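The number in this note's numbering is simply the position in the sequence shown, starting from 1, with 41 added.
Ideal Cβ positions, reconstructed from N, Cα and C, are used throughout, including at glycine.
Everything numeric in this text was worked out from a predicted model, so none of it was measured.
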Amino acid sequence: MVGRIPVMNVAPVVDLGRQPAKATLDEPFPVSATVFREGHDKLGAEVVLTDPAGRQRAPVPLQPHPVEPNEYSAWVTPDAEGAWTFTVQSWSDPIGTWQHAAGLKIPAGVDVDLMFTEGRILLERVLAAGDLTPAEETVVRTGLAAATATEESPAARLAALQDADLVAVLAAHPLRELLTLEGPYPFYADRPRALFGSWYEFFPRSEGARLDDDGEVVSGTFRTAAERLDAVAAAGFDVIYLPPIHPIGEVNRKGPNNTLTPGPRDPGSPWAIGSRHGGHDAIHPDLGTFADFDAFVARAGELGLEVALDLALQAAPDHPWVTSNPEWFTTRADGTIAYAENPPKKYQDIYPVNFDNDPTGICREVLRVVKHWMAHGVRIFRVDNPHTKPVAFWEWLLKEVRRTDPDVVFLSEAFTKPAMMRALGAVGFHQSYTYFTWRTAKWEIEEYLRELSSETDHLMRPNFFVNTPDILHGFLQYGGPAAFKIRAALAATSSPSWGVYAGYELFEHVAVKPGSEEYLDSEKYQVRIRDWAGAEAEGRTLTPYLTRLNELRREHRALQLLRNVTIHHSDDESVLAYSKRAEAAGEDGRDDVVIVVINLDPHATRETTVRLDMPALGLDWADAFEVTDAFTGETWTWREHAYVRLDPGHEPAHVLTVRSLR
Numbered sequence: 042m043v044g045r046i047p048v049m050n051v052a053p054v055v056d057l058g059r060q061p062a063k064a065t066l067d068e069p070f071p072v073s074a075t076v077f078r079e080g081h082d083k084l085g086a087e088v089v090l091t092d093p094a095g096r097q098r099a100p101v102p103l104q105p106h107p108v109e110p111n112e113y114s115a116w117v118t119p120d121a122e123g124a125w126t127f128t129v130q131s132w133s134d135p136i137g138t139w140q141h142a143a144g145l146k147i148p149a150g151v152d153v154d155l156m157f158t159e160g161r162i163l164l165e166r167v168l169a170a171g172d173l174t175p176a177e178e179t180v181v182r183t184g185l186a187a188a189t190a191t192e193e194s195p196a197a198r199l200a201a202l203q204d205a206d207l208v209a210v211l212a213a214h215p216l217r218e219l220l221t222l223e224g225p226y227p228f229y230a231d232r233p234r235a236l237f238g239s240w241y242e243f244f245p246r247s248e249g250a251r252l253d254d255d256g257e258v259v260s261g262t263f264r265t266a267a268e269r270l271d272a273v274a275a276a277g278f279d280v281i282y283l284p285p286i287h288p289i290g291e292v293n294r295k296g297p298n299n300t301l302t303p304g305p306r307d308p309g310s311p312w313a314i315g316s317r318h319g320g321h322d323a324i325h326p327d328l329g330t331f332a333d334f335d336a337f338v339a340r341a342g343e344l345g346l347e348v349a350l351d352l353a354l355q356a357a358p359d360h361p362w363v364t365s366n367p368e369w370f371t372t373r374a375d376g377t378i379a380y381a382e383n384p385p386k387k388y389q390d391i392y393p394v395n396f397d398n399d400p401t402g403i404c405r406e407v408l409r410v411v412k413h414w415m416a417h418g419v420r421i422f423r424v425d426n427p428h429t430k431p432v433a434f435w436e437w438l439l440k441e442v443r444r445t446d447p448d449v450v451f452l453s454e455a456f457t458k459p460a461m462m463r464a465l466g467a468v469g470f471h472q473s474y475t476y477f478t479w480r481t482a483k484w485e486i487e488e489y490l491r492e493l494s495s496e497t498d499h500l501m502r503p504n505f506f507v508n509t510p511d512i513l514h515g516f517l518q519y520g521g522p523a524a525f526k527i528r529a530a531l532a533a534t535s536s537p538s539w540g541v542y543a544g545y546e547l548f549e550h551v552a553v554k555p556g557s558e559e560y561l562d563s564e565k566y567q568v569r570i571r572d573w574a575g576a577e578a579e580g581r582t583l584t585p586y587l588t589r590l591n592e593l594r595r596e597h598r599a600l601q602l603l604r605n606v607t608i609h610h611s612d613d614e615s616v617l618a619y620s621k622r623a624e625a626a627g628e629d630g631r632d633d634v635v636i637v638v639i640n641l642d643p644h645a646t647r648e649t650t651v652r653l654d655m656p657a658l659g660l661d662w663a664d665a666f667e668v669t670d671a672f673t674g675e676t677w678t679w680r681e682h683a684y685v686r687l688d689p690g691h692e693p694a695h696v697l698t699v700r701s702l703r
């Protein structure tokens with residue numbers, strides 16, 4: 042039912058409140074509502090949080106929108122991990138009603154004595170509530186004296202009652218009449234890694250791989266891969282993500298470049314999981330033992346890295362499940378088991394799981410597998426193709442894991458229709474792959490940043506991967522080294538989570554054929570031996586640039602948040618400008634503000650004027666301020682209009698820190 046003081050369009054609310062909205066420890070997020078009433082009396086509105094321990098927090102006033110009537114909002118910040126709720130309260134505001142009427146009537150000489158009498162009664166009610174500090178009580182008693190000082194002029198008495206200190210005290214201690222509650226609505230505050238992190242992906246079998254005396258490839262192991270962790274950590278990454286590490290099927294194994302004719306020593310695709318050596322709870326024998334894996338995880342932890350493991354719910358034809366539980370798969374009319382297809386792609390080496398056959402057994406087995414790897418130190422899972430499994434299954438699994446281990450994070454790898462991507466986020470996925478790879482024009486990047494930061498932020502947290510083992514966008518294929526800088530700078534500064542697949546820093550850019558987004562000699566089907574030391578010695582690496590980006594992300598709180606993006610105008614359709622701002626939290630009292638200006642054209646220098654939204658930077662329209670380029674160290678004085686020149690062959694992006702000159 043509609044309340045006495047109606048509250049409608051409350052946000053953030055997910056699935057009518059059946060699912061919690063997304064929040065993160067110490068991350069501000071907005072609560073909004075439409076609040077109105079009949080007549081002309083004033084009203085008030087506020088949001089009240091209840092923390093995971095069941096404690097109700099002090100109300101936070103909802104502020105009216107500066108333009109849209111009846112729209113109210115407030116920013117709130119959870120300070121503990123776990124399940125929270127929020128309730129929107131609205132009420133009739135007799136103090137606000139009186140303040141408005143007194144400001145009109147008393148100067149006009151209308152009902153002067155009556156207005157002061159009503160003001161006195163309201164102030165006495167505020168005093169009687171007994172929740173004022175001594176200083177606040179003094180302020181209210183001073184106002185009460187003015188309300189009753191009949192010897193003073195009405196103008197002087199009114200001025201005393203309109204004193205800023207008194208107005209502030211009354212706003213902090215409102216008299217709530219006709220109180221209406223809307224809620225509670227759930228939200229969940231996850232640990233910070235669910236929101237912020239720099240991801241690096243590599244294949245353990247390629248790290249430390251070598252050629253033997255016969256020219257045959259010898260696989261890397263967890264022990265050799267652990268040696269690469271120092272470089273990953275030194276580059277400022279937080280998460281090391283591993284594709285599937287399980288035994289690889291031998292039946293229908295794929296050869297180089299996805300061919301159907303593998304050689305006897307071709308390793309196959311890690312996503313074709315399962316063989317005579319075991320399934321999802323086993324390790325490929327070429328990689329080592331569980332002791333080796335545990336040592337890898339431990340070394341990563343020593344370096345400040347978390348290990349993310351791929352969770353791919355599918356099976357090779359010789360996976361143990363195919364024998365033990367054939368009902369978990371789809372049998373065609375000819376008696377064969379259906380393999381995976383994503384036309385025109387075919388995956389003859391993979392059997393999809395059919396979740397409509399024995400769903401209870403499948404759910405029990407997947408939960409067992411997940412907890413198996415959790416017991417070996419994995420607290421992050423990158424889930425392969427979750428959109429090909431029932432949403433109800435993910436809702437169940439993620440809630441089961443959260444119930445016992447709320448720190449475990451799941452990343453959804455679903456490049457599919459928006460409804461499915463948002464549904465996966467709504468039912469519990471902590472992060473989501475996005476359409477970022479395919480957003481390259483200025484207008485579509487601007488639209489997408491607005492969407493992710495303020496329209497779907499309660500459903501999805503984005504993770505901007507610049508490349509993946511099977512996505513090499515044409516922008517990188519033909520843009521040269523500048524294109525790699527542009528996409529890295531954009532991803533690392535616009536999204537709190539971003540990712541890089543190994544080889545990006547070496548500018549790997551050759552596709553298997555024109556028009557394809559598949560890498561030539563894709564690491565999905567063969568081991569890649571990379572000369573990291575040689576590339577570094579010869580300066581053929583983007584690693585210093587990526588390292589600086591990750592340093593900036595750790596230095597600037599503004600770059601660790603999602604909901605704080607402001608798009609600014611530039612006169613050039615190839616120059617993108619945006620800023621991120623975090624309110625002051627340190628002793629210096631300064632907001633953390635970063636301005637990013639990127640030339641999206643990797644082939645040409647661009648000169649243009651950027652027009653800044655100064656209030657979004659915490660500045661007045663006429664202010665001048667100092668900006669420093671985080672890469673070159675150059676410093677300029679900027680105002681609302683600023684000239685920029687960006688040469689992609691030198692530095693295609695300004696990442697600017699801001700210092701006010703006021």
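Residue i to residue j span [Cα, whole Å]
i    : j    : result
A532 : L216 : 48 angstroms
A464 : R423 : 17 angstroms
G660 : R652 : The amino acid occupying residue 660 in the given sequence is Leu; Gly does not appear at that position. One C-alpha to the other measures close to 14 angstroms.
V210 : T126 : 27 angstroms
E79  : F157 : 25 angstroms
N395 : W362 : 12 angstroms
H141 : F666 : 39 angstroms
L252 : I570 : 9 angstroms
A353 : D688 : 42 angstroms
D271 : Y113 : 49 angstroms
Interface flag, residue i vs chain C, CB-CB below 9 angstroms
i    : result
E492 : The structure shown contains no chain C, having only a single protein chain.
Three-state secondary structure assigned by DSSP to residue i
i    : result
P100 : coil
W539 : strand
T65  : strand
F516 : helix
H609 : strand
V449 : coil
V88  : strand
G160 : helix
W662 : coil
A190 : coil
S413 : First, the amino acid is wrong: residue 413 is His here, not Ser. In this structure, H413 counts as helix in the three-state DSSP scheme.
S495 : helix
Q389 : coil
Where the beta strand (DSSP E) containing residue i begins and where it ends
i    : result
T30  : With the chain represented from 42 up to 703, any question about residue 30 goes unanswered, as that position is not in the structure.
L222 : 218 to 231
I512 : Looking at the DSSP string, I512 is not in any beta strand (DSSP E), and its letter there is neither H nor E.
Y241 : 238 to 242
Y489 : From DSSP, Y489 is part of no beta strand (DSSP E) but of the alpha helix (DSSP H) over 483 to 491.
E667 : 666 to 670
L211 : That residue, L211, is in no beta strand (DSSP E); its alpha helix (DSSP H) goes 205 to 213.
V699 : 694 to 701
First and last residue of the uninterrupted alpha helix (DSSP H) at residue i
i    : result
N591 : 584 to 596
P195 : 195 to 202
Q130 : Premise fails: Q130 lies in the beta strand (DSSP E), 123 to 133, not in any alpha helix (DSSP H).
P284 : Counting along the chain, P284 falls outside any alpha helix (DSSP H), and DSSP gives it neither H nor E.
A339 : 331 to 343
T678 : Not the alpha helix (DSSP H): T678 falls in the beta strand (DSSP E), residues 676 to 679.
Identified DSSP bridge partners for residue i
i    : result
R647 : L687
P105 : Y113
Q60  : V55
G290 : Per DSSP, none; premise fails for G290.
F505 : W539
V259 : R251
With three or more beta-carbon pairs closer than 8 angstroms as the criterion, would you say the stretch 425 to 441 touches the stretch 319 to 336?
Segments in contact, no.
Kindly confirm or deny that the stretch 444 to 460 and the stretch 590 to 598 touch, where touching means at least three C-beta pairs closer than 8 angstroms.
Counting C-beta pairs closer than 8 angstroms gives fewer than three between the stretch 444 to 460 and the stretch 590 to 598, which falls short of the contact rule.
Contact between the stretch 496 to 504 and the stretch 55 to 64 (3+ Cβ pairs under 8 angstroms)
Touching, yes, given that three or more Cβ pairs across the two stretches are closer than 8 angstroms.
Taking contact to mean 3 or more Cβ pairs, one atom from each stretch, closer than 8 angstroms, check whether the stretch 269 to 282 and the stretch 339 to 357 are in contact.
By the Cβ criterion, the stretch 269 to 282 is in contact with the stretch 339 to 357, since at least three pairs of Cβ atoms, one from each stretch, lie closer than 8 angstroms.
Cβ contact (3+ pairs, closer than 8 angstroms) linking the stretch 559 to 571 and the stretch 294 to 303
Touching, yes.
Does the stretch 251 to 263 come within contact of the stretch 162 to 169, defined as at least 3 CB pairs closer than 8 angstroms?
No contact exists between the stretch 251 to 263 and the stretch 162 to 169.
Closer than 8 angstroms is the cut-off here; do at least three beta carbon pairs connect the stretch 240 to 256 with the stretch 536 to 545?
Judged by Cβ distances under 8 angstroms, the stretch 240 to 256 makes contact with the stretch 536 to 545, as three or more pairs qualify.
Using 8 angstroms as the Cβ pair cut-off and three pairs as the minimum, do the stretch 285 to 295 and the stretch 595 to 605 touch?
Fewer than three pairs of CB atoms, one per stretch, sit closer than 8 angstroms, so the stretch 285 to 295 makes no contact with the stretch 595 to 605.
Cβ pair count under 8 angstroms reaching 3, the stretch 367 to 378 against the stretch 308 to 321:
Cβ pair count under 8 angstroms is below three, so no.
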